[in-house]
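Data first, discussion second: the structure below is written as structure tokens.
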Amino acid sequence: MIGVSGCGKSTVAKRLAEEVGWRFLEGDTLHPEANILKMRRGIPLSDDDRLPWLERIADELLSASDKGEGIVASCSALKFIYRERLRDRLGRRLNFVFLNASYEALSIRLGGRTNHFMPPSLLRSQFATLETPAGEPDAYEVNAELGIEDILDCVRALFTKKGRITGYGAR
């Protein structure tokens, strides 16, 4: 699951992983401490800040793949070059679900969020950084302004139709 802060990446990825019996990887837990400190101070991350983090995510995804494990991850992957880095590392064996929502909707959502290092003040910088994955063959867009059950229905339908996720019905 990819997208800007507050779009529901972690919630959707965790629920999907539980449904199909796969591992959930919370990308935020792999940020170096320096990145977390920058974000807590309201300083947007640079490409140089994000690349080591993406490498850690790729390492986890590769490890799961090498063991034959399914994995659903949450990771902002805001730019094409970030998604390309993951594709290159994984030999293109992944799919991206872009949870898209308006700045206004996410600003309201983030206003109610507590206990997260990403302050709502950085949302605008994330939208400025965002390069939507439109036209990327392994990326799919879902409206993140829907309710969680509707979002999950969209993701289920998408991947069941594409034959990309197995394990449904294993609830």
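In terms of our numbering, the sequence shown has 44 at position 43, counting the first letter as 1, and numbering is strictly consecutive.
Beta carbons: idealized from backbone N, C-alpha and C, even for Gly.
Best match in the options for proximity to residue i [C-alpha to C-alpha]
i          : options         : result
residue 82 : 56, 105, 103    : 56
residue 94 : 54, 111, 69, 33 : 69
Residue i versus residue j - alpha carbon distance
i           : j           : result
residue 183 : residue 77  : For residue 183 there is no data in the structure shown, the boundaries of the chain being 2 and 172.
residue 112 : residue 123 : 12 Å
residue 29  : residue 158 : 27 Å
residue 169 : residue 161 : Below a pLDDT of 50, predicted positions are generally treated as unreliable, and residue 169, at 37, falls in that range; the measurement from the model is reported next regardless. Computed Cα separation, rounded: 8 Å.
residue 133 : residue 127 : 12 Å
residue 79  : residue 11  : 15 Å
CB of residue i within 9 Å of CB of residue j, strictly
i          : j           : result
residue 99 : residue 129 : no
residue 86 : residue 38  : no
residue 58 : residue 74  : yes
Proximal residues to residue i (C-beta, below 8 Å), its chain only, five neighbours per side dropped
i           : result
residue 63  : 90, 91
residue 72  : 18, 23, 24, 25, 26, 61, 62, 65, 66
residue 149 : 9, 12, 13, 16
Spatial neighbours of residue i in its chain, beta-carbon cut-off 6 Å, leaving aside the 5 residues before and after
i           : result
residue 9   : 100, 145
residue 110 : 7
Spatial neighbours of residue i in its chain, beta-carbon cut-off 7 Å, leaving aside the 5 residues before and after
i           : result
residue 171 : Because residue 171 carries a pLDDT of 31, less than 50, the predicted location of this residue cannot be relied on, and the following value inherits that uncertainty. Hits under 7 Å: 21, 22.
residue 167 : Low per-residue confidence applies at residue 167: pLDDT is 43, beneath 50, and the placement is therefore not dependable, though the value from the model is reported in the following sentence. Hits under 7 Å: none found.
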